[in-house]
Amino acid sequence: MKKRILLWVLLGTQTLHAQTIPVTFKNTIPTGYDPTSQAPGFMEVSPNSTMPVGHALVKPPTKQSYTWAQTFAKGGTHYNRNELGNEGTLGTFRSTYPDKEYNGVPTIPTIFGLPCSGPEEWVDGYNKKCWPNGPFTDAQARAKAHEVWDSGNASNLWIGETMENFPFMPADKPMWNSFYDELANLYEAKKAQDQKPYFLCHNYFTTSPYYLGNTAKTQADWEVMYTQTPAQWQQKSWFHPGASLSRTNTVMEGIYFGAFDLNPGQAMNALFCMELWQKLGKYTGMFFYNHHEWAPESFTDKVTFPEGTFFRADKPVHDPAFQILMGFLAHEYGNIFVDWGTFLKQPAGKKPVGYYQPVHQSMDHWRPNAGGPATFPYYYQLGVGLPPQDFYSPLAVSSDYSYFGNLLWMQTGGVVANGTPYYCSYRLDGNAWIDRQPTGCDIVTAYFAKRGVARCRIAGNKMIVYYFNMYADNLRHTIEIKHPANPAKSYTGTVCGSGIHVVLLDI
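Those letters in the sequence shown? Residues -18 to -1, 1 to 489, per mature numbering (1 follows the signal peptide of the UniProt record, and there is no 0), in order.
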């Protein structure tokens, strides 16, 4: 009889402490935003915000009335040295905003001052047009590092464009190790004095052996990596100790995707790689192109004018939910978000519109209103000098959404930026629990199961809880997410679609 009473007391105690807390996930778009204006509007609807130390955001102003100073007030951390417009000289920016310079993906000829003349001749992976004497020697590469440093071009956010086109020099050449070893020593000496972080990245995207779609590897093969140290990984990268790019401290994932149906897998693979780069002790982040490199002859952009409707033949933009998601996850899985492919300054009146005659002449379509002009009246002919004013790009407004993802993170994840992340067990609509993986390989299992991910980050008495599913349908689902350290406590809310669902909680 006493045993039965004790069992009843224990069960009653467990039930008493079990707790399911309803939550409302945060709206991902600020109140008052009007996308129908077809002009950038993030500045007008977003509060002033600050990106936590150790995180970087390059957000171009994107509207004629915006300035780099205003983007800094909204959480931006670096200006693009190549996109200052009429706001001032590089010298002025350097003195006004010390250590806020982003080098704007210089090419190899720009970095090293190569003339690149004569005919193309490819030998051993490089082009003698730019490398007539072959790769630099150790001494030459180290001297080049000092040239870069002494010229003032060693920006605190350094991201190169080094792995494509005719100036290419393979990343495994020893000259890169010499160059970055010397350059990193100079950065480290400066950091020892001012305590400011720097980001040194070879290229805006990386090529690595870590591809979840590799048919020669199984799911189990990738999961094993989460139980090992990087030194034990079967496949080593250029970023491993002693390898050619080991002295760089940052590895970027390029979000530059093609066909729509491949997006989920590519994005999940980027997160997988970002986890691996962090295991290697690297900073990481996303270099984000806000539209698909696909279907370039589609009429994907409809712009309304008083005189009629203009259809631009261009690359289709990413789903706004995807852009917001990537802006958020760049900081949850890394440290850096660079918004690329958006034009610097957009006229509020949406004119003039940039016009490459050989490209757009037979592709764009103009539908005049009654009495309107027979041809589109607002073309600006590019390639004949700089425009007297900044021209309009129909794609530019979509860059608001990637900023909203960064803002969302600053308002939630940024509060617990120094906290500890945990994957969480969850279930949808009361179905079976999807348990968190003991080794932390949840991205791998989610990729192969084509399902979502629940995660949290805890710092002190604050916690964010979030869920995303890049493979999701568009139906509403009830989600229940377990606290990773206290399975008796769970959080429940409503999710729908492939976007980010996040809430900041007191615990």
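Ideal Cβ placement from N, Cα and C applies to all residues, glycine included.
- The beta strand (DSSP E) with residue 283 in it runs from where to where? Here the question's residue 283 lines up with position 301 in the sequence shown. Where residue 283 is concerned, the enclosing beta strand (DSSP E) stretches over 281 to 287.
- Query: Can you list, in chain order, the residues of its chain whose CB lies under 8 Å from that of residue 194, leaving out five sequence neighbours each side?
  - Reply: Residue mapping note: residue 194 aligns to position 212 of the sequence shown, counting from 1. Cβ within range, chain order: 204, 247, 250, 251, 254, 426, 429 and 430.
- Please name the residue, chosen from 329, 421 and 408, that lies closest to residue 471 on a Cα-to-Cα basis. Mapped onto the sequence shown, residue 471 falls at position 489. If we check each option's Cα against that of residue 471, 408 comes out closest.
- Between which two residues does the beta strand (DSSP E) containing residue 424 stretch? For this step, residue 424 is matched to residue 442 along the sequence shown. Unbroken run through residue 424 is the alpha helix (DSSP H), 424 to 431; no beta strand (DSSP E).
- Task: For my contact list, residue 277 and residue 302 are in at a C-beta cut-off of 8 Å; report their separation, rounded to the angstrom.
- Result: Residue numbering aside, residue 277 sits at position 295 when the sequence shown is read from its first letter. Residue numbering aside, residue 302 sits at position 320 when the sequence shown is read from its first letter. Incorrect: roughly 18 Å between the Cβ atoms, too far for contact.
- Please check the pair residue 137 and residue 84, which I expect to be a contact at CB under 8 Å, by giving their CB distance rounded to whole angstroms. The residue given as residue 137 occupies position 155 in the sequence shown. The residue given as residue 84 occupies position 102 in the sequence shown. With 8 Å as the limit, residue 137 and residue 84 qualify as a contact, their Cβ atoms being about 6 Å apart.
- Message: Using C-beta distances below 6 Å, list every residue in its chain close to residue 474, excluding the 5 sequence neighbours before and after it, in chain order.
- Response: If you number the sequence shown from 1, residue 474 lands on position 492. The answer, listed in chain order, is 2, 4 and 462.
- Between residue 484 and residue 7, which are expected to be in contact by the criterion C-beta below 8 Å, what is the C-beta distance as a whole number of angstroms? Walking along the sequence shown from the start, residue 484 turns up at place 502. Walking along the sequence shown from the start, residue 7 turns up at place 25. That pair is a contact at about 6 Å.
- DSSP beta-bridge partners for residue 483? Along the sequence shown, one-based indexing puts residue 483 at 501. Answer is 449, bridged to residue 483.
- Continuous alpha helix (DSSP H) assignments of at least 4 residues falling wholly in the segment 168 to 204: none
- Item | Among 242, 30 and 315, the one whose alpha carbon lies nearest that of residue 424 | Locating residue 424 in the sequence shown gives position 442, counting from the first residue. Nearest of 242, 30 and 315 to residue 424, Cα basis: 315.
- Message: If you measure between the beta carbons of residue 59 and residue 38, is that distance less than 8 Å?
- Response: For the purposes of this step, residue 59 is taken as the residue at position 77 of the sequence shown. For the purposes of this step, residue 38 is taken as the residue at position 56 of the sequence shown. Contact: yes.
- Around the C-beta of residue 349, are 16 or more other C-beta atoms found within 10 angstroms, so that it is buried, or is it exposed? Mapped onto the sequence shown, residue 349 falls at position 367. Exposed, since its Cβ has fewer than 16 Cβ neighbours within 10 Å.
- Message: Count Cβ pairs between the segment 315 to 332 and the segment 258 to 270 that sit closer than 8 Å; are there 3 or more?
- Response: yes
- Return the CA-CA distance between residue 245 and residue 163, expressed in angstroms with no decimal places. In the sequence shown, counting from the first residue as 1, residue 245 sits at position 263. In the sequence shown, counting from the first residue as 1, residue 163 sits at position 181. Going by the C-alpha atoms only, they are around 36 Å apart.
- Message: From the DSSP secondary-structure annotation, give me the bridge partner or partners of residue 361.
- Response: Here residue 361 corresponds to residue number 379 of the sequence shown, with the count starting at 1. Answer by DSSP bridge pairing, in chain order: 335.
- Helix, strand or coil for residue 113 per DSSP? Here the question's residue 113 lines up with position 131 in the sequence shown. Of the three classes helix, strand and coil, the one that applies to residue 113 here is coil, per DSSP.
- Can you tell me the Cα-Cα spacing of residue 285 and residue 433, whole angstroms? Residue 285 sits at position 303 when you count from the first residue of the sequence shown. Residue 433 sits at position 451 when you count from the first residue of the sequence shown. Rounded to whole angstroms, residue 285 to residue 433 spans 36 Å at the Cα level.
- Query: When DSSP builds the beta bridges, which residues end up paired with residue 444?
  - Reply: In the sequence shown, the residue the question calls residue 444 occupies position 462. DSSP, once it has assigned bridges, lists 441 and 488 as partnering residue 444.
- Cβ neighbour criterion (16 or more within 10 Å) applied to residue 332: For this step, residue 332 is matched to residue 350 along the sequence shown. Counting Cβ neighbours within 10 Å, residue 332 comes out buried, since at least 16 surround it.
- Opposing strand residues paired with residue 26 [DSSP bridges]: Here residue 26 refers to the residue found at position 44 when the sequence shown is read from its first residue. Beta-bridge pairing links residue 26 to no other residue.
- Okay, do the segment 108 to 125 and the segment 158 to 174 touch, 3+ Cβ pairs below 8 Å being the bar? yes
- Query: When you compare only the Cα positions, how much space is there between residue -14 and residue 413?
  - Reply: Translated into positions along the sequence shown, residue -14 becomes position 5. Translated into positions along the sequence shown, residue 413 becomes position 431. Unreliable placement is indicated for residue -14, whose pLDDT of 40 sits below 50; the coordinate value is still reported in the next sentence. Taking the straight line from one Cα to the other gives about 33 Å.
- Item | Alpha-carbon to alpha-carbon, residue 141 and residue 227 | Residue mapping note: residue 227 aligns to position 245 of the sequence shown, counting from 1. Residue mapping note: residue 141 aligns to position 159 of the sequence shown, counting from 1. Near 13 Å, if we compare the C-alpha coordinates of residue 141 and residue 227.
- Item | Continuous alpha helix (DSSP H) assignments of at least 4 residues falling wholly in the segment 118 to 143 | 120 to 132
- Task: Quick one: give me the first and last residue of the beta strand (DSSP E) that residue 38 is part of.
- Result: Stepping through the sequence shown from its first residue, residue 38 is reached at position 56. 38 to 40 is the span of the beta strand (DSSP E), which, as asked, contains residue 38.
- Query: Below 8 Å between beta carbons: does that hold for residue 341 and residue 373?
  - Reply: Position 359 of the sequence shown, counted from the start, is the residue given in the question as residue 341. Position 391 of the sequence shown, counted from the start, is the residue given in the question as residue 373. No, the Cβ-Cβ distance between residue 341 and residue 373 is not below 8 Å.
- Message: DSSP has residue 266 in a bridge; who is on the other side?
- Response: Within the sequence shown, the letter at position 284 stands for residue 266. For residue 266, which the question treats as bridged, DSSP gives the partners 233.
- Task: Would you give the residue range spanned by the beta strand (DSSP E) that residue 471 belongs to?
- Result: Position 489 of the sequence shown, counted from the first residue, corresponds to residue 471. Residues 471 to 478.
- Message: So for residue 75, helix, strand or coil by DSSP?
- Response: Here the question's residue 75 lines up with position 93 in the sequence shown. DSSP places residue 75 in helix when its eight states are reduced to three.
- Item | residue 524 to residue 453 span [Cα, whole Å] | There is simply no residue 524 to check, as the chain begins at -18 and stops at 489 in what is shown.
- Thinking C-alpha only, which one of 63, 229, 327 and 46 is nearest residue 166? Along the sequence shown, one-based indexing puts residue 166 at 184. The shortest Cα separation from residue 166 among 63, 229, 327 and 46 belongs to 229.
- Taking residue 337 as the reference, give the member of 346, 308 and 352 with the closest Cα. Counted from its first residue, the sequence shown places residue 337 at position 355. When each option's Cα is compared against that of residue 337, the closest is 346.
- Would you mind stating whether residue 406 and residue 359 have Cβ atoms separated by less than 8 Å? By 1-based counting over the sequence shown, the position of residue 406 is 424. By 1-based counting over the sequence shown, the position of residue 359 is 377. No, these two residues do not count as a Cβ contact at 8 Å.
- Is the segment 31 to 49 in contact with the segment 318 to 329, if contact means three or more CB pairs nearer than 8 Å? yes
- Just tell me which of 404, 480 and 458 has its CA closest to the CA of residue 468. What you label residue 468 is simply residue 486 of the sequence shown in a count that begins at 1. Nearest C-alpha to residue 468: 404.
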